[in-house]
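Chemist: Quick note: the sequence shown uses the UniProt record's numbering, first residue 1, plus one each step.
Don't be surprised by glycine CBs; every beta carbon is placed ideally from N, CA and C.
If you're wondering where the values come from, they're calculated on a predicted model, not measured in any experiment.
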Amino acid sequence: MTSSKAEEVLLDCSVFRGLPREILEVLARDSTLTTVHVGQTIFFEGDLVDSLYLMASGWAKVYKQDPNGRKQLVLHIEGPGQVLAEVAVFLERRVYPASCEALEDSEVLRVASATFHHCVEQYPVLARNVIRYLASRQSKLVHLVDKMFFQELASRLAQDLLERLERDGQGYCLPSNPEMAAMLGTVPELISRKLGHLYRQKLIRLEGRRVWIPDPDALATLLPAPMVAYDH
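(1) Quick check on A98: does DSSP put it in helix, strand or coil?
(2) What residue from R93, G196 and L33 has the CA that sits closest to G46's CA?
(3) Helix, strand or coil: how does DSSP classify Q159 here?
(4) Hey, quick one: how far does the beta strand (DSSP E) through E104 stretch, first residue to last?
(5) Suppose you measure from the CA of V120 to the CA of G18; what does that come to, to the nearest Å?
(6) Tell me the residue span of the alpha helix (DSSP H) that contains Q122.
(7) What separation, rounded to the nearest whole angstrom, lies between the Cα atoms of E104 and E78?
(8) When burial is assigned at 16 or more other CB atoms within 10 Å of the CB, is N129 buried or exposed?
(9) What separation, rounded to the nearest whole angstrom, lies between the Cα atoms of D30 and S99?
(10) Using CA coordinates, which residue listed in L27, A181 and S4 is at the minimum distance from V15?
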């Protein structure tokens, strides 16, 4: 892989966007672009942290699993331009706190954690970007807790669909019903039923797991006040 390709992937992520070329070159030199196939594990919970991962293409889920391996809690679905294991590289106990699996054939950029740490310590502009990124993650976590406790399922689902639209654009790939259920605090059967209801109302269009939202404002009427409209 050329360093220019690695730099392109880095620049697609908000953590590294706008950094001086010298920082990007240092990070790119110690990076590897890896292809992972659907169902392949990128890292396991409990593994020693040796890399920071960036999604170059495709989608992956970050999840926790019970000791018996029967139940999963999906924490994040990550796509192009997003970071995997960004918190783990800063933990005192240097192990991954969750597992990560590819949802489709994907490309992942591995940045050596030692190099990333060195750059954070040497370049304040990168440290500021990391702080902003982690603060954004924390804000989204609080938002998720609020949704889980105070919104009805139809409202939670509509908000999730609109947030994905804003982030990924029309025709985005929806996670499986079990994964959606784990993220929204319900069961797969109810996710299937609610998606079918939205489809019959022509609020969404489905092709396999790809989703189009013809009229975001119409779907936004399901959101609780004061979130009454989607700004598009």
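Modeler: Reading from the atomic positions:
(1) Reading the sequence shown from its first residue, position 98 is the one you call residue 98. Per DSSP, reduced to three states, the secondary structure at A98 is coil, with no helix or strand assignment.
(2) Looking up residue 46 in the sequence shown gives position 46. Answer by Cα proximity: R93.
(3) As a position in the sequence shown, residue 159 is number 159, starting the count at 1. DSSP places Q159 in helix when its eight states are reduced to three.
(4) In the sequence shown, the residue the question calls residue 104 occupies position 104. DSSP places E104 in no beta strand (DSSP E); its state is neither H nor E.
(5) Looking up residue 120 in the sequence shown gives position 120. Looking up residue 18 in the sequence shown gives position 18. Rounded to whole angstroms, V120 to G18 spans 15 Å at the Cα level.
(6) Taking the sequence shown and counting its residues from 1, the one referred to as residue 122 is at position 122. Counting along the chain, the alpha helix (DSSP H) containing Q122 begins and ends at S113 to Q122.
(7) In the sequence shown, residue 104 corresponds to position 104, counting from 1. In the sequence shown, residue 78 corresponds to position 78, counting from 1. Between E104 and E78, the C-alpha separation is close to 11 Å.
(8) Within the sequence shown, numbered from 1, the residue matching residue 129 stands at position 129. N129 comes out buried.
(9) In the sequence shown, counting from the first residue as 1, residue 30 sits at position 30. In the sequence shown, counting from the first residue as 1, residue 99 sits at position 99. C-alpha of D30 to C-alpha of S99: approximately 23 Å in a straight line.
(10) The sequence position of residue 15 within the sequence shown is 15, counting from 1. Check the Cα spacing between V15 and each of L27, A181 and S4: the tightest is with L27.
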